[in-house]
Amino acid sequence: MNNGKPNWWSRPSSAPEAAQIPAPPPSGDGDGDFPLPAPHPPTTPPAQAPEPAGADLRAAAPAAADARAAEAEAETTGTGTGPQTPEPVAAGSPDPAPSVVLTKGEPRDPAPEEVPHVQDPAPVPAPQAQPLHAPDEYRTPPYGEPGPWAPAPPVQRPPAPAPPHQQGPVPPHPQGPAPWTQYDPWGVGGPALPPPPAKRSRKGLAVAGALVFALITGVIGGGIGAYVERNGGLTTVELPQSDAKDTGRAPESVAGIAASALPGVVTLHVRGGGSSGTGTGFVLDTKGHILTNNHVVDGARSSADISVTFSSGETARAKLVGKDTGYDLAVVQVTGVSGLKPLPLGNSDGVRVGDPVVAIGAPFDLSNTVTSGIISAKERPITAGGEKGDGSDVSYVDALQTDAPINPGNSGGPLLDSKARVIGINSAIRAAGGSGGDGEGGGASQPGSIGLGFAIPINQGKRVAEELINTGKATHPVIGVSLDMQYNGDGARVGQKGKDGTASVTPGGPAAKAGLRPGDVITKVDGQRVHNGEELIVKIRAHRPGDRLELTLERDGKELTKTLTLGSSQGT
């Protein structure tokens, strides 16, 4: 008994199974006895009539005897006549009622080792429990027989060892496969369950997953690294920058000079004679007079052909006031324009080689272009023009040479000193592979700056501009001789005959008064060497009419010095 409940719940054994259970041997009296489990003790045991002496209880409860026999076979290994070992009691449960051995006449005293506790009263047969379901006619396990006899499964315990005094033959263990039995979910032992299927090794899958993960992370990491390398980080790049409050510039700096001079510089667009051109000029006074080169406006026939654009973008028409081919200078005038800012004029006689200069113009029609450089040389004799072929358009300039970049379109623009004063008028450039040319690249095989630019000194430009504004014409200083331009020797030789067969030395002219003769070779002017007739003209035109000159000449192998006063001629 376990807590007063039967300790089995298997179905009653069938006839073949009961046949395998050995019958208990007769006792010493010749009467058979067998142990019966004590029934569940009721709270108030009912009165029960005593059994008659010698009654065979096996017949009274054959089903109970069969079940008990199957239980004894499973739990013990001794014979059915020996004493039975009581079941162990679970901790905390009440002592089970011991088994009672009945004889024919009266109860027999149990052996000390068989009865660990006091003999309980005679057991009262428990009422038969009803099966939970009807028998299966096909006896299909586990529901082939009636269901459990007990409402709850018993506590399973290992079989108790056989007592040492147990005798008798041991029933043989049935061989072969075990018959179908009721499935006991709490059973210990019984048919062994098949081992669970071995799990497949996932080492290969883990390695493959690790490789894929490493590849993906490598690609992502490489992309992130490249992005960081290109952008300097994962966040938005913000570069340090100073504020714009420091806008001041020194007046003598290029920026200061440009800021001061640009409002007085203009860009000229001229159309006429089937052609057009672009040049530069600068404001001379508040009356609207603008100085530029003659070759810039030479094609204009009327005021409608000349357009002037100021640095502010304002545009106005201009009229031609006067021009001079020999000096390559011209003056135009605009009207109805307010806020004119004339540029201050410097003194070209005080310029020294190496002085910094700034050139402003519109090279290739790029207006308000500022370049800078230095004075490379002074009193550089150059000639420009000559496209007509008769010499009437040739200009002679005792120029200032500069390395400030000057290109076609810069012609007529100002050359400024460090105080933003005009010291020259940009007029010509030396192009690679050609002779000297004007600001439009006249006669040059490759127009463009190579660092050789030439400007008319402002002292000469001021005198000519004043004459053009006042009279419309400019005067040229002369000495009154005709030069042999085909002479290849060193110096400028006076010709034997003049133009149209006239005398080479003008009678009553400055040269005649100084004693010059045909065939004399002039080698110096005021001590400066001249190598050809063009240089002599440049040196003379660098002075005003009425100036005194000292000429050094050679005559019949002798060196002579003559002094003369320059005359004047009307320019064209």
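First residue of the sequence shown? That's 250 in the working numbering, and the numbers climb one at a time after it. No residue lacks a Cβ here, since even glycine has one placed at the ideal position from N, Cα and C.
Closest in alpha carbon position to Ile609, among Asn675, Ala714, Val545, Ala763, is Asn675. By the Cβ test, the region 719 to 737 is in contact with the region 757 to 767, since at least three Cβ pairs between them sit closer than 8 Å. Glu799 and Ser621 have their alpha carbons spaced roughly 37 Å apart. Taking the C-beta atoms as reference points, Leu569 is found nearer than 8 Å to Ala549. Annotated three-state conformation of Lys627 is strand, per DSSP. The alpha helix (DSSP H) runs of length 4 or more contained entirely in the region 742 to 810 are, from start to end of the chain, 759 to 763, 782 to 790. The alpha-carbon of Ser491 is positioned some 15 Å away from that of Gly497.
Distance from the Cα of Pro654 is smallest, within the candidate group Tyr645, Leu701, Asp739, Ala669, for Leu701. About 5 Å separates the beta carbons of Ala611 and Gly658, which is inside the 8 Å limit, making them a contact pair.
Annotation: Leu589 to Lys637 spans about 36 Å, alpha carbon to alpha carbon.
It is roughly 29 Å from the alpha-carbon of Ile789 to the alpha-carbon of Ala681. Each of Leu664, Ile707, Pro630, Gly575 was checked against the Cα of Gln777, and the nearest Cα belongs to Pro630. Per DSSP, the continuous alpha helix (DSSP H) segment holding Gly453 begins and ends at 452 to 480.
Cβ-Cβ distances below 8 Å link Val546 to Leu517, Val519, Gly528, Ile555, Leu569, Lys572, Ala579, Val581 in the same chain, with the five nearest sequence neighbours on each side left out; the list follows chain order. Here His792 is actually not in contact with Gly575; their C-beta atoms are around 14 Å apart, not less than 8 Å.
Burial check for Gln709: the Cβ neighbour count within 10 Å reaches 16 or more, so the residue is buried. Shown here for Val583: same chain residues with a beta carbon closer than 6 Å to its own, the five before and five after excluded, namely Gly537, Val557, Ala565, Ala567 in chain order.
Per DSSP, Arg566 is one residue of the beta strand (DSSP E) stretching across 564 to 573.
When the Cα atoms are used, Asp769 and Glu784 turn out to be separated by approximately 16 Å.
The shortest C-alpha to C-alpha distance from Leu813 to any of Asp805, Gln819, Leu802, Arg797 is the one to Arg797.
The alpha helix (DSSP H) runs of length 4 or more contained entirely in the region 490 to 575 are, from start to end of the chain, 503 to 510, 543 to 546.
Contact between Val602 and Ala626 holds, with the beta-carbon distance rounding to 6 Å and staying under 8 Å. Per DSSP, reduced to three states, the secondary structure at Asp652 is coil, with no helix or strand assignment.
Annotation: Arg601 is outside any alpha helix (DSSP H) and is labelled neither H nor E by DSSP. For the options Gly530, Val774, Gly522, the alpha carbon positioned closest to that of Pro512 is the one of Gly530. Burial is judged here by how many other beta carbons sit within 10 angstroms of a residue's own beta carbon; Arg679 has at least 16 and is buried. One Cα belongs to Val713, the other to Ser524, and the distance between them is close to 27 Å.
One Cα belongs to Ser698, the other to Val586, and the distance between them is close to 34 Å.
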